[in-house]
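Undergrad:
2 protein chains.
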Amino acid sequence: MDSANLKLRRREELNGHRGMVVWFTGLSGAGKTTLARALAERLERAACHCVVMDGDDLRRGLCSDLGFSPQERAENIRRAGEMARMFAEAGMIVLAALISPYRADRARARALMPAGDFIEVHCHCPLEVCEQRDVKGLYRRARAGEISEFTGISSPYEAPEAPELRLDTAKLDLAACTERVLAVLHEHAVFSRGRRP
Amino acid sequence: MDSANLKLRRREELNGHRGMVVWFTGLSGAGKTTLARALAERLERAACHCVVMDGDDLRRGLCSDLGFSPQERAENIRRAGEMARMFAEAGMIVLAALISPYRADRARARALMPAGDFIEVHCHCPLEVCEQRDVKGLYRRARAGEISEFTGISSPYEAPEAPELRLDTAKLDLAACTERVLAVLHEHAVFSRGRRP
Chain A
0 MDSANLKLRR REELNGHRGM VVWFTGLSGA GKTTLARALA ERLERAACHC VVMDGDDLRR
60 GLCSDLGFSP QERAENIRRA GEMARMFAEA GMIVLAALIS PYRADRARAR ALMPAGDFIE
120 VHCHCPLEVC EQRDVKGLYR RARAGEISEF TGISSPYEAP EAPELRLDTA KLDLAACTER
180 VLAVLHEHAV FSRGRRP
Chain B
0 MDSANLKLRR REELNGHRGM VVWFTGLSGA GKTTLARALA ERLERAACHC VVMDGDDLRR
60 GLCSDLGFSP QERAENIRRA GEMARMFAEA GMIVLAALIS PYRADRARAR ALMPAGDFIE
120 VHCHCPLEVC EQRDVKGLYR RARAGEISEF TGISSPYEAP EAPELRLDTA KLDLAACTER
180 VLAVLHEHAV FSRGRRP
């Protein structure tokens with residue numbers, strides 16, 4: 000084991016868990032960020048080190064130069080993947096909530112991580128339900144033609160074929176979704192012995 | 000205090016320090032990354048949460064699409080600044096080692112952080128000394144015309160006018176430099192009471 004690995008081990012012992020990426024994908028309004036935040040709350044209560052990487056935040060900061068064409072979405076997800084990797088390498092549990100509509104882009108983000116350290120969670124919610132919720136008023140604007148290239152309306156969403164977890168967020172409540180993700184984290188032995196968020 | 004601030008406080012208590020950015024600027028070969036790594040080693044021994052953000056690493060990952068024109072350097076530092084902010088907001092001490100030759104770009108990175116949470120360290124080393132060391136063989140290649148827009152040779156370096164710390168890395172040894180940076184961190188009350196890296 001080289002010195003970088005040794006240091007990572009030391010940090011994992013200090014933190015009580017290893018660094019890894021939980022990647023929430025799904026339509027706008029499917030509940031990705033809400034779930035990521037609920038999970039962060041839960042993990043932090045157990046003194047785990049985590050960070051929520053929200054797509055809207057990234058577009059205001061790191062990716063503020065990018066639009067929504069397929070090429071720009073690819074670059075947006077490329078950067079998000081690199082960020083997630085860096086956070087994970089720093090020992091954190093990354094909760095990345097991004098529409099990330101293209102399979103190829105998500106696969107690239109996954110490929111940056113060691114096997115087992117990237118957990119894809121598909122927040123599945125029918126378009127009609129997302130559109131009815133329309134928390135940010137974006138669907139209405141997309142239907143009115145005020146926003147172009149809007150995922151689900153005028154831009155495609157490619158659902159994951161084999162995510163680690165698929166949640167029907169229209170049927171399961173937030174508490175149940177949180178438990179399901181936690182269960183997958185435990186299956187992946189993310190936490191040190193005795194640590195039970 | 001809103002809930003985001005409360006959570007940050009809780010994390011700071013957990014970590015024993017607040018999140019902030021130490022930004023090392025200087026010519027290639029001035030010792031920025033060496034110093035950042037020595038500091039990380041020291042901080043980690045005291046169970047602090049820190050991360051080294053190295054310019055060369057960023058150019059292989061997050062910024063792999065960028066070259067070395069003034070515009071691309073600006074974008075490189077813009078992204079590095081956004082990354083540093085995100086790490087700091089996640090509670091980490093960020094040790095950013097980047098040539099970052101332009102004052103305006105460094106000022107933008109600083110402006111992303113609250114006052115007192117961005118410490119600029121100028122690793123000052125005469126060009127002749129950096130060129131003589133030439134650890135990566137880049138100066139030789141730049142002089143041979145194999146690398147264009149190389150800072151100090153064919154591209155300008157704008158030294159900081161009022162950095163929090165200026166280190167003569169040609170004169171001070173690594174241990175002394177490390178102590179000087181730590182002293183500035185203590186002056187800025189980065190650590191909780193009793194924590195003395």
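The listed protein sequences correspond, in order, to chains A and B.
All the letters of the first sequence, read from the start, carry residue numbers 0 to 196 under numbering that gives the first Met the number 0.
All the letters of the second sequence, read from the start, carry residue numbers 0 to 196 under numbering that gives the first Met the number 0.
We put the CB at the ideal spot given by N, CA and C, even for glycine.
These numbers were taken from a predicted model, which means no experiment stands behind them.
1. Here's a check: name, in chain order, each residue in its chain whose Cβ is nearer than 6 Å to the Cβ of B:Arg140, leaving out the five neighbours to either side.
2. Could you check if A:Arg78 is buried or exposed, using at least 16 other CB atoms within 10 Å of its CB as the buried criterion?
3. I need the straight-line Cα distance from B:Asn75 to B:Arg102, nearest angstrom please.
4. How far does the beta strand (DSSP E) with B:Ala46 in it extend, from its first residue to its last?
5. Could you check what DSSP says for B:Ala95 in three-state terms: helix, strand or coil?
6. Considering just the uninterrupted stretch of the beta strand (DSSP E) at A:Leu166, what are its terminal residues?
7. With a threshold of 6 Å on Cβ separation, who are the neighbours of A:Ala45 within its own chain once the five nearest residues in sequence on each side are excluded?
8. When Cβ atoms are compared, which residues of the segment 2 to 36 of chain A fall closer than 9 Å to chain B?
9. So which of B:Phe190, B:Pro69, B:Asn14, B:Leu61 has the shortest CA-CA distance to A:Glu43?
10. Would you kindly work out how many angstroms separate the C-alpha atoms of B:Glu11 and B:Arg17, rounded to a whole number?
11. Would you kindly work out how many angstroms separate the C-alpha atoms of A:Ile118 and B:Gly151, rounded to a whole number?
12. In terms of DSSP beta bridges, what is A:Gly52 paired with?
13. Any idea if B:Pro155 is buried or exposed, counting beta-carbon neighbours within 10 angstroms, 16 or more meaning buried?
14. If you measure between the beta carbons of B:Val134 and B:Gly28, is that distance less than 8 Å?
15. What residues in its chain sit with their C-beta under 6 Å from that of A:Arg109, if we drop five residues either side in the sequence?
16. Can you tell me whether A:Gly90 is buried or exposed, with buried defined as 16 or more other CB within 10 angstroms of its CB?
17. At the 8 Å Cβ level, is A:Met112 part of the contact set with chain B, yes or no?
18. Taking only beta-carbon positions, decide if A:Gly198 is within less than 8 Å of chain B.
TA: Looking at the atomic coordinates:
1. To locate residue 140 of chain B, count along the second sequence from 1; it is residue 141. Cβ within range, chain order: Ile146.
2. Along the first sequence, read from residue 1 onward, the residue named residue 78 of chain A stands at position 79. That one is buried.
3. Residue 75 of chain B sits at position 76 when you count from the first residue of the second sequence. Residue 102 of chain B sits at position 103 when you count from the first residue of the second sequence. The straight-line gap from Cα to Cα measures roughly 14 Å.
4. Here the question's residue 46 of chain B lines up with position 47 in the second sequence. It is not in any beta strand (DSSP E) - B:Ala46 carries neither H nor E in the DSSP assignment.
5. Taking the first residue of the second sequence as position 1, residue 95 of chain B is located at position 96. Three-state result, B:Ala95: strand.
6. In the first sequence, counting from the first residue as 1, residue 166 of chain A sits at position 167. Note, A:Leu166: beta strand (DSSP E), 164 to 167.
7. Sequence index remark: in the first sequence, residue 45 of chain A carries index 46 (1-based). Within the same chain, A:Ala45 has close Cβ partners Pro196.
8. Of all residues in the segment 2 to 36 of chain A, Lys6, Arg9, Arg10, Leu13, Asn14 have a Cβ within less than 9 Å of some Cβ in chain B.
9. As a working note, residue 43 of chain A is residue 44 in the first sequence. For A:Glu43, the nearest C-alpha among the options comes from B:Asn14.
10. Start at 1 with the first residue of the second sequence, and residue 11 of chain B comes out as number 12. Start at 1 with the first residue of the second sequence, and residue 17 of chain B comes out as number 18. The straight-line gap separating the alpha-carbon atoms of B:Glu11 and B:Arg17 is approximately 5 Å.
11. On the first sequence, position 119 is the one that residue 118 of chain A refers to. On the second sequence, position 152 is the one that residue 151 of chain B refers to. Here the alpha carbon of A:Ile118 sits roughly 44 Å from the alpha carbon of B:Gly151.
12. Taking the first sequence and counting its residues from 1, the one referred to as residue 52 of chain A is at position 53. A small correction: the amino acid at residue 52 of chain A is Met; Gly does not occupy that position in the sequence shown. Note: A:Met52 sits in a beta bridge opposite A:Ala95.
13. Stepping through the second sequence from its first residue, residue 155 of chain B is reached at position 156. With fewer than 16 Cβ atoms within 10 Å of its Cβ, B:Pro155 is classed as exposed.
14. For this step, residue 134 of chain B is matched to residue 135 along the second sequence. For this step, residue 28 of chain B is matched to residue 29 along the second sequence. The Cβ-Cβ distance between B:Val134 and B:Gly28 falls below 8 Å.
15. Stepping through the first sequence from its first residue, residue 109 of chain A is reached at position 110. Close CB contacts of A:Arg109 within its chain, under the 6 Å cut and outside five residues either way in sequence, are with Phe117 (chain order).
16. Within the first sequence, the letter at position 91 stands for residue 90 of chain A. By the Cβ-count criterion, A:Gly90 is buried, with 16 or more other Cβ atoms from all chains shown falling within 10 Å of its own Cβ.
17. By 1-based counting over the first sequence, the position of residue 112 of chain A is 113. Not one chain B Cβ lies under 8 Å of A:Met112.
18. Residue 198 of chain A is absent from the model: chain A starts at 0 and stops at 196.
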